[in-house]
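Reading through the structure tokens given below for one structure.
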Amino acid sequence: MANFNKVILMGNLTRPPEVKYLSSGTAVCDLQMAVNRRYKTADGEQKEEACFVSVTAWGKTAELCGEYLGKGSPLLVDGRLKYDAWEKDGQKHNRLTVVAENVQFLGGPQRGAVARDGGEPAGNGGSKPAGGPAAAPAEGAADDDNLPF
Numbered sequence: 536m537a538n539f540n541k542v543i544l545m546g547n548l549t550r551p552p553e554v555k556y557l558s559s560g561t562a563v564c565d566l567q568m569a570v571n572r573r574y575k576t577a578d579g580e581q582k583e584e585a586c587f588v589s590v591t592a593w594g595k596t597a598e599l600c601g602e603y604l605g606k607g608s609p610l611l612v613d614g615r616l617k618y619d620a621w622e623k624d625g626q627k628h629n630r631l632t633v634v635a636e637n638v639q640f641l642g643g644p645q646r647g648a649v650a651r652d653g654g655e656p657a658g659n660g661g662s663k664p665a666g667g668p669a670a671a672p673a674e675g676a677a678d679d680d681n682l683p684f
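The opening position of the sequence shown corresponds to residue 536 in my numbering, with each subsequent residue numbered one higher.
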């Protein structure tokens with residue numbers, strides 16, 4: 536029997552990313568995102584509901600998420616579901632999370648974030664700003680007023 540585990544989510548972070556490092560030096564970033572759904576009920580009333588999802592990013596992607604994302608940042612995540620179960624103080628716990636395989640930053644740079652190499656994150660490990668590479672300023676442009684963001 537074939538198996539397939541793929542998740543694609545687009546939403547906003549509900550809190551700043553939390554980056555930690557394992558003893559091996561590998562970065563791990565915990566992201567909490569909200570994915571909103573708008574729909575119309577049978578009687579025509581507009582409703583909105585939010586689904587809150589825990590996402591884990593690893594390696595260079597984790598470092599870039601911590602550096603360039605903040606609370607409220609829009610992002611697109613594609614990854615896979617992971618089920619964790621553990622016991623603590625005699626209580627059984629479990630959770631379903633998304634392990635990010637690719638993260639795309641959908642908004643402009645966050646206030647206070649410093650862009651490198653002309654505005655595009657260097658060596659982004661699969662994490663790219665939406666819309667492809669950062670647009671280069673028009674030829675001869677020397678100031679930040681001509682940047683597209």
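Beta carbons: idealized from backbone N, C-alpha and C, even for Gly.
**Asked** If we ignore side chains and look at the alpha-carbon of each, how far apart do Gln-567 and Thr-549 end up?
**Response** 6 Å
**Prompt:** Can you tell which of Val-612, Leu-616 and Cys-564 has the C-alpha that lies nearest to the C-alpha of Trp-593?
**Reply:** Cys-564
**Item:** Local Cβ density within 10 Å of Ile-543, reported as buried at 16 or more and exposed below that
**Value:** exposed
**Request:** Just mark Glu-598 as buried or exposed, buried being the case when its beta carbon has 16 or more other beta carbons within 10 Å.
**Result:** buried
**Message:** Mapping the DSSP letters down to three states, classify Glu-602 as helix, strand or coil.
**Reply:** helix
**Item:** Length of the line joining the Cα atoms of Val-554 and Ala-562
**Value:** 7 Å
**Message:** Need the endpoints of the beta strand (DSSP E) that Asn-547 sits in, please.
**Reply:** 542 to 548
**Message:** Between the stretch 569 to 578 and the stretch 606 to 624, can you find at least three pairs of beta-carbon atoms closer than 8 Å?
**Reply:** Not touching, per the Cβ criterion.
**Item:** Integer-rounded CB distance, given that Val-638 should sit under 8 Å from Cys-586
**Value:** Not quite, the Cβ-Cβ distance comes to about 18 Å (not below 8 Å), so this is no contact.
**Asked** Is the CB-CB distance between Arg-615 and Asn-540 below 8 Å?
**Response** If you check the CB distance, Arg-615 and Asn-540 come in under 8 Å.
**Request:** Put Gly-579 into one of helix, strand or coil per three-state DSSP.
**Result:** coil
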